[in-house]
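**Student:** Per the UniProt record's numbering, the sequence shown runs over residues 1 to 200.
Backbone N, C-alpha and C fix where the C-beta goes; we use that ideal spot for every residue, glycine too.
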Amino acid sequence: MSTPYELTGRRNQKARTRTALVDAARELLSHGTTPTVEDAAGAAAVSRTTAYRYFPNQRALVSAAYPEVDQASLLPADPPADPEQRLALLLHATNRIVRDWETQLRAALRLSLEPEADPTEPVMRRGRVIGWLTDALEPLAATHPGIDRDRLAVAIRAATGIEAFVWLVDVAGCSPDDALATMHWNGLAILRTALRDGGP
């Protein structure tokens, strides 16, 4: 396996250059532009040749600008035991991510839908929300052992992510606030149905 360019020689300088390119990409994304490597290079005052050493294509750049939340759980340090309360806290946190990073998430979604997109690339397939959801639903292992928490997490994620947000805003005509409120309601409604009737 080859060593990434930024991990060879002058690492501190290379780390600063990579950060500048990613920050430039995020700034461009915040204004509704899906930046090319050349766009980010210009905004970061970095040569195109140098920029391509870090990001060989637009997909790699947008993937790097994708919001990273490297946490196993988004619940507070002392979360409640009630699964509905836990899920409500998580939905509030994930809705905030969608709202704060909407343009970046939309750009990643757009790129993931292109015909030449590699389905193994991690732009929109990192699955981190499923882990957060199964963590929030953890008490069901004791109280409702017959419910498959992984499948329930997938069902909730399908109704609460950026894809649902885009449909609610762009197709259904909801305001962003109404879309987020609907997604929050969706997640809790799916959990309540599972508790009453069994999981998917």
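Need the endpoints of the alpha helix (DSSP H) that residue 132 sits in, please.
**Tutor:** 128-136
**Student:** Hey, could you find the ends of the alpha helix (DSSP H) residue 102 is sitting in?
**Tutor:** 102-112
**Student:** Could you check what DSSP says for residue 190 in three-state terms: helix, strand or coil?
**Tutor:** helix
**Student:** Should the stretch 144-151 be regarded as contacting the stretch 89-103, the criterion being three or more beta carbon pairs within less than 8 Å?
**Tutor:** By the Cβ test, the stretch 144-151 is not in contact with the stretch 89-103, since fewer than three Cβ pairs between them sit closer than 8 Å.
**Student:** What span of residues does the alpha helix (DSSP H) with residue 63 cover, start to end?
**Tutor:** 58-65
**Student:** Nearest to residue 43 by alpha carbon, out of 54, 176, 23?
**Tutor:** 23
**Student:** When the Cα atoms are used, what is the spatial distance from residue 12 to residue 160?
**Tutor:** 39 Å
**Student:** At what residues does the alpha helix (DSSP H) containing residue 148 begin and finish?
**Tutor:** That residue, residue 148, is in no alpha helix (DSSP H); it is neither H nor E in DSSP.
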